[in-house]
Amino acid sequence: MLRYIIRRLLITIPLMIAASFLCFGLTQAMGDPLGEWKLQKQRPPAEIAAAEHRVGTDKPFLTRYGDWAVNFVQGDWGTTVGPGHGTVDVKDKVLRASWISARLVIGAELIALMIGVAIGVIGAVRQYSIFDYTATGFAFVMFSMPLFCIALMIKTVGIQFNDFLQDNGFGRWIRTAGPPNGGFHGSFTDLIYQYSGAFILPTICLVMIQFAIYSRFQRASMLDVMNADYVRTAQAKGLSQSRVIFRHAFRNALIPIATVFALNFGATISGAIITETVFGWQGMGQLLVTSVNDKEPYMVLGFLMVTGVFIIFANLLADLTYAILDPRIRLD
Amino acid sequence: MTEFLSPAAIGTGGPPAPDISQFDTTEARKQWQVVIRRFLRHRLAVGGMAMFVFLILVAFVGGALWKHSYKVLNFPRYSAPSGDHPFGTDGLGADMVAQVIRGLRFSLQIAIIVAVVSTVIGVVLGALAGYKRGWVDSVITRFIDLVLVIPGLVIVVVMARSSFTNVPGKSGSNWLIVAMYLSLVFWLSIARVVRGMVLSLREKEFVEAARAMGGSTLRIVFKHILPNTVDVIIVNATLTVALAVLTEAAISFIGLGVRSPDTSLGLLINQNRNELNLHPWLFFIPFAFIVMVSLAVNFMGDGLRDALDPRQRRVRA
Amino acid sequence: MSTENVSGSFQPGGLGAPAATIAGERLLTVDELSVSFNTEDGVVRAVRNVSFDLDRREVLGVVGESGSGKSVSSMAVLGLLPKTATVTGSINFNGRELVGLSYNQMRAVRGNGIAMIFQDPMTSLNPVFTVGWQLAEAYRAHHDVSKKAAFAKSVETLDLVGIPQPDRRARQYPHEYSGGMRQRAMIAMSIINDPDLIIADEPTTALDVTVQAQILETLLRIRDETSAAIIIITHDLGVVAGMVDRVQVMYGGTIVEAGQVNEIYEAPRMPYTVGLIGSIPHVGLVGKRLTPIKGAPPSLMNLPSGCSFSPRCPLAIDVCREVEPDLMDTDRTDHTSRCHRWKELAEIDNPQKLFAHEEIGTIEDALILQLANPDEISVVDDSLVDESLVDDTAADRQSPAAEVDATSAEENPKS
Numbered sequence: 045m046l047r048y049i050i051r052r053l054l055i056t057i058p059l060m061i062a063a064s065f066l067c068f069g070l071t072q073a074m075g076d077p078l079g080e081w082k083l084q085k086q087r088p089p090a091e092i093a094a095a096e097h098r099v100g101t102d103k104p105f106l107t108r109y110g111d112w113a114v115n116f117v118q119g120d121w122g123t124t125v126g127p128g129h130g131t132v133d134v135k136d137k138v139l140r141a142s143w144i145s146a147r148l149v150i151g152a153e154l155i156a157l158m159i160g161v162a163i164g165v166i167g168a169v170r171q172y173s174i175f176d177y178t179a180t181g182f183a184f185v186m187f188s189m190p191l192f193c194i195a196l197m198i199k200t201v202g203i204q205f206n207d208f209l210q211d212n213g214f215g216r217w218i219r220t221a222g223p224p225n226g227g228f229h230g231s232f233t234d235l236i237y238q239y240s241g242a243f244i245l246p247t248i249c250l251v252m253i254q255f256a257i258y259s260r261f262q263r264a265s266m267l268d269v270m271n272a273d274y275v276r277t278a279q280a281k282g283l284s285q286s287r288v289i290f291r292h293a294f295r296n297a298l299i300p301i302a303t304v305f306a307l308n309f310g311a312t313i314s315g316a317i318i319t320e321t322v323f324g325w326q327g328m329g330q331l332l333v334t335s336v337n338d339k340e341p342y343m344v345l346g347f348l349m350v351t352g353v354f355i356i357f358a359n360l361l362a363d364l365t366y367a368i369l370d371p372r373i374r375l376d
Numbered sequence: 035m036t037e038f039l040s041p042a043a044i045g046t047g048g049p050p051a052p053d054i055s056q057f058d059t060t061e062a063r064k065q066w067q068v069v070i071r072r073f074l075r076h077r078l079a080v081g082g083m084a085m086f087v088f089l090i091l092v093a094f095v096g097g098a099l100w101k102h103s104y105k106v107l108n109f110p111r112y113s114a115p116s117g118d119h120p121f122g123t124d125g126l127g128a129d130m131v132a133q134v135i136r137g138l139r140f141s142l143q144i145a146i147i148v149a150v151v152s153t154v155i156g157v158v159l160g161a162l163a164g165y166k167r168g169w170v171d172s173v174i175t176r177f178i179d180l181v182l183v184i185p186g187l188v189i190v191v192v193m194a195r196s197s198f199t200n201v202p203g204k205s206g207s208n209w210l211i212v213a214m215y216l217s218l219v220f221w222l223s224i225a226r227v228v229r230g231m232v233l234s235l236r237e238k239e240f241v242e243a244a245r246a247m248g249g250s251t252l253r254i255v256f257k258h259i260l261p262n263t264v265d266v267i268i269v270n271a272t273l274t275v276a277l278a279v280l281t282e283a284a285i286s287f288i289g290l291g292v293r294s295p296d297t298s299l300g301l302l303i304n305q306n307r308n309e310l311n312l313h314p315w316l317f318f319i320p321f322a323f324i325v326m327v328s329l330a331v332n333f334m335g336d337g338l339r340d341a342l343d344p345r346q347r348r349v350r351a
Numbered sequence: 006m007s008t009e010n011v012s013g014s015f016q017p018g019g020l021g022a023p024a025a026t027i028a029g030e031r032l033l034t035v036d037e038l039s040v041s042f043n044t045e046d047g048v049v050r051a052v053r054n055v056s057f058d059l060d061r062r063e064v065l066g067v068v069g070e071s072g073s074g075k076s077v078s079s080m081a082v083l084g085l086l087p088k089t090a091t092v093t094g095s096i097n098f099n100g101r102e103l104v105g106l107s108y109n110q111m112r113a114v115r116g117n118g119i120a121m122i123f124q125d126p127m128t129s130l131n132p133v134f135t136v137g138w139q140l141a142e143a144y145r146a147h148h149d150v151s152k153k154a155a156f157a158k159s160v161e162t163l164d165l166v167g168i169p170q171p172d173r174r175a176r177q178y179p180h181e182y183s184g185g186m187r188q189r190a191m192i193a194m195s196i197i198n199d200p201d202l203i204i205a206d207e208p209t210t211a212l213d214v215t216v217q218a219q220i221l222e223t224l225l226r227i228r229d230e231t232s233a234a235i236i237i238i239t240h241d242l243g244v245v246a247g248m249v250d251r252v253q254v255m256y257g258g259t260i261v262e263a264g265q266v267n268e269i270y271e272a273p274r275m276p277y278t279v280g281l282i283g284s285i286p287h288v289g290l291v292g293k294r295l296t297p298i299k300g301a302p303p304s305l306m307n308l309p310s311g312c313s314f315s316p317r318c319p320l321a322i323d324v325c326r327e328v329e330p331d332l333m334d335t336d337r338t339d340h341t342s343r344c345h346r347w348k349e350l351a352e353i354d355n356p357q358k359l360f361a362h363e364e365i366g367t368i369e370d371a372l373i374l375q376l377a378n379p380d381e382i383s384v385v386d387d388s389l390v391d392e393s394l395v396d397d398t399a400a401d402r403q404s405p406a407a408e409v410d411a412t413s414a415e416e417n418p419k420s
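Residue numbers (the working numbering), protein chains in the order written: chain G, 45 to 376; chain D, 35 to 351; chain R, 6 to 420.
Okay, structure coming up:
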């Protein structure tokens with residue numbers, strides 16, 4: 045197992061290099077960060093040349109890539125370069141934003157997973173019951189729902205709920221504009237109050253979309269497993285229904301779900317982008333959108349690299365989980 | 035005096051000649067009548083198809099038939115849905131029915147083009163990779179794996195404002211460009227699926243036979259292998275339409291998709307994102323249409339999948 | 006009380022000494038068991054009026070094609086049928102009525118009093134748990150012991166079924182076992198609680214022929230050591246011949262013939278059994294054609310009227326197609342048959358010929374032909390009979406033609 049992990053990690057390096065090249069190309073294709081600035085008014089050529097030199101657009105593509113890559117692995121991820129954007133350190137901003145996003149996303153995914161799995165199992169065990177049909181129908185509808193609409197609707201509900209609370213003497217508990225800038229302080233109960241108020245809406249949003257996938261998968265997996273011969277054997281041994289379902293069936297049905305969970309991270313990140321935009325979280329999603337709009341190549345690059353590493357690790361995690369859960373898989 | 039003949043000649047004697055019609059084991063090539071019949075049994079799928087057709091008609095023909103033009107901006111602003119304006123009017127004084135029809139049209143245009151283009155690219159490259167194997171396969175697969183490291187939406191977002199997706203001129207209309215770069219992201223998963231199927235199909239005996247008879251690569255791929263993948267491709271393409279609608283709406287919503295003078299359902303919602311409280315119809319009606327398109331296409335795709343590859347084991351209590 | 010009654014008049018071929026059947030030690034009584042399923046397309050009558058008894062130490066072979074109801078009836082005994090199944094009749098095990106018991110009530114019996122071995126050992130064992138763990142689980146389901154004790158018991162049982170290095174093997178996963186070993190592990194799982202009855206559903210079908218013999222031998226050894234009764238369900242007549250005491254042939258959801266094993270082979274009293282035996286390829290048939298039974302088993306949803314085998318039976322006459330025969334006693338002891346024409350069948354010395362249509366043309370076959378078609382052929386011209394070709398024993402009896410005439414006249418008043 046350890047050898048497999050090491051080998052995978054080693055392969056990651058050339059993968060990341062190739063990915064970084066691709067990403068660099070993408071960001072450069074984004075356009076000239078000085079584009080707008082150049083069009084604003086007529087500027088003396090010396091000024092333009094100086095600006096280009098600062099940004100680096102005076103050098104050819106490959107040189108730029110080389111410079112950036114060398115700096116990147118040494119920890120210097122560059123800064124924002126657009127005129128008027130100041131010199132914000134990319135690494136600092138990206139890592140800070142990732143931390144903010146990660147808290148939201150991982151929590152929401154885990155909740156979605158638990159709810160989805162529970163619904164899937166119940167739906168499979170009580171197949172064709174009202175619960176099953178409702179859950180299936182609901183999941184189907186959620187697949188067809190645009191996330192941003194859900195987010196907007198939830199936000200409105202949140203605001204109205206806040207109004208309701210305020211009218212009745214309580215404070216405005218739900219935060220619809222991201223976690224407080226100064227962070228969370230106070231006693232334990234204060235913290236709970238603040239955390240929950242800030243996290244609840246975007247979490248509900250993400251969960252609503254994501255749990256549908258898990259519930260469908262779990263249901264299908266469970267149904268497959270429940271028809272398996274070893275479940276029949278377990279019953280023939282005289283085991284109780286709950287033991288048969290949870291020990292034997294569920295344990296096997298869980299195997300594919302673990303990999304689905306890890307591989308679903310791409311969708312999670314996409315969802316996070318939308319959700320953060322709606323709820324004003326200063327996370328990765330916001331960062332990406334603003335820096336794309338601002339045409340900040342290094343910022344976007346920082347985002348892409350972090351995301352890439354994250355996804356690669358998620359894939360590795362999926363494979364490892366599969367191997368741990370299923371003794372038939374031998375990783376060599 | 036009796037002839038000792040075989041029982042068959044005798045007539046009613048002995049067991050009757052066995053009815054072998056039940057053993058008709060002609061290799062089941064997909065009979066389209068069977069598929070269509072199976073599809074029609076799913077009421078939801080049929081409903082979905084009907085709804086989809088209806089929406090297409092509304093989008094492409096409705097604009098010409100509707101009494102108000104989308105360009106007219108002097109209707110009373112923010113009026114709630116009523117007889118003259120069943121979908122109300124927006125902040126600029128435009129009739130919402132006309133706006134929604136137009137938005138629907140753009141959204142559908144984009145989604146269908148995305149589905150078609152990405153399917154074509156995906157099938158060609160996937161089949162090529164799966165059939166040829168060797169370095170062609172390696173290059174294509176590695177490339178796909180590499181690009182898939184980055185979530186699709188992220189790629190789309192980054193590409194949205196890049197220089198090659200912003201062709202100056204044409205008064206800023208960019209819906210076709212949006213469709214193009216959405217296709218560039220969607221073909222990846224289709225290619226993977228097709229590649230997998232081609233990989234397994236090429237080992238089957240009928241491919242060997244075709245090769246032995248001297249068929250060229252192109253002929254084998256197109257005449258023998260691909261027809262067997264058509265069901266999966268069709269289902270995939272249908273579901274891509276739904277996904278494309280949602281994705282396009284999402285990027286238009288964050289401002290990185292379709293722009294004026296074009297419009298789309300997503301853009302409509304973006305423009306009215308703060309109207310939920312005061313003028314809810316401005317949000318909910320485009321929203322409802324997005325959901326309708328998505329649901330209709332998803333039901334259709336589900337029904338198609340069941341009709342083309344039934345594996346139902348329903349024993350109702 | 007039980008009286009020792011050694012029925013040693015037969016020798017099951019090669020695989021173990023005949024067992025002493027303790028008459029009176031009745032273990033299982035199945036009476037008029039019927040199982041039907043409600044499906045989208047109609048009612049499937051999988052098992053119809055099956056009745057049989059089983060004593061301790063007895064080995065019963067249940068033989069039949071797919072769809073004959075043999076597996077469903079054994080699943081019914083254990084109460085493992087899905088909710089869509091309707092079970093009527095009675096299953097009395099050790100004095101306790103099993104039909105109608107709830108899932109939890111049946112739990113005490115499953116794996117404990119009655120154990121089952123399934124067909125495919127690879128899929129019948131849970132791939133994510135070790136074999137020892139699964140065996141221990143079976144033990145702890147019915148005995149209140151510690152995990153350690155249960156594990157020790159599973160190692161012991163693995164040894165009992167002949168698995169080498171049981172201590173090491175118990176810690177392995179099913180996919181690390183070979184096919185034969187897996188089936189032995191399944192046997193171990195079934196005997197770990199010392200059941201009174203073991204039902205083995207096609208235990209050797211998924212295995213190599215060489216392994217088959219070992220598995221069957223293991224089962225017999227278990228029977229000898231624990232006095233359990235065994236029901237073996239199979240479609241393989243070779244398995245049955247070597248191993249069982251009694252045979253039950255099933256067709257179309259019901260029992261069509263039952264009796265001692267050598268009886269069934271030497272003197273079958275039902276055409277289906279004849280066809281089954283005749284369809285086994287063996288060395289003596291080199292150069293000759295195989296004689297399968299033409300046609301296919303009946304749909305359990307649309308059973309033919311009358312006898313379910315009548316559409317394929319060479320001896321079928323009108324009454325066969327109209328009235329389903331009861332399971333009736335024949336001229337042999339403890340040998341029942343569900344056939345209107347068992348007597349006629351008994352007359353034929355080489356009943357395999359019934360199914361070999363291509364060979365018809367010889368005089369001997371003419372007699373068979375006449376037997377098969379009494380409506381059409383009522384008189385056989387004796388002058389055509391070539392004495393040298395006629396079987397000696399036939400000459401001793403009355404002219405078979407006349408006998409058939411008499412019989413057919415009774416059965417077919419209209420001829």
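We put the CB at the ideal spot given by N, CA and C, even for glycine.
For the beta strand (DSSP E) that contains residue i, what are its first and last residues?
i      : result
R:T259 : 259–265
G:I203 : G:I203 -> not in any beta strand (DSSP E); alpha helix (DSSP H) instead, spanning 191–211.
R:M121 : 119–122
R:E37  : 31–44
Which residue comes first and which comes last in the alpha helix (DSSP H) that contains residue i?
i      : result
G:I318 : 309–323
D:L277 : 260–287
R:G47  : Run containing R:G47: none in the alpha helix (DSSP H); it sits in the beta strand (DSSP E), 47–60.
D:M104 : Reading the sequence as shown, one finds Tyr at residue 104 of chain D and not Met. No alpha helix (DSSP H) contains D:Y104, which DSSP labels as neither H nor E.
G:Q363 : Residue identity check: residue 363 of chain G is Asp in the sequence provided, not Gln. Element bounds for G:D363: 341–369.
Quick check on residue i: buried or exposed, where buried means 16 or more other Cβ atoms within 10 Å of its Cβ?
i      : result
D:W315 : buried
R:A90  : buried
D:V325 : buried
G:I373 : exposed
R:D60  : buried
D:N208 : buried
Run through DSSP, which three-state label would residue i get?
i      : result
G:Q72  : helix
R:N355 : coil
D:A62  : In this prediction, D:A62 scores a pLDDT of 43, lower than 50, which makes its location untrustworthy; the coordinate-derived value is nonetheless stated afterwards. If DSSP states are grouped into helix, strand and coil, D:A62 belongs with coil.
Nearest to residue i by alpha carbon, out of the options?
i      : options                      : result
G:T334 : G:H129, G:N271, G:L78        : G:H129
G:A242 : G:S64, G:K85, G:F255, G:P223 : G:P223
R:D206 : R:F57, R:G69, R:R53          : R:G69
Between residue i and residue j, is the Cβ-Cβ spacing less than 8 Å?
i      : j      : result
R:V279 : R:V245 : no
R:N99  : R:D201 : yes
G:F187 : D:N332 : yes
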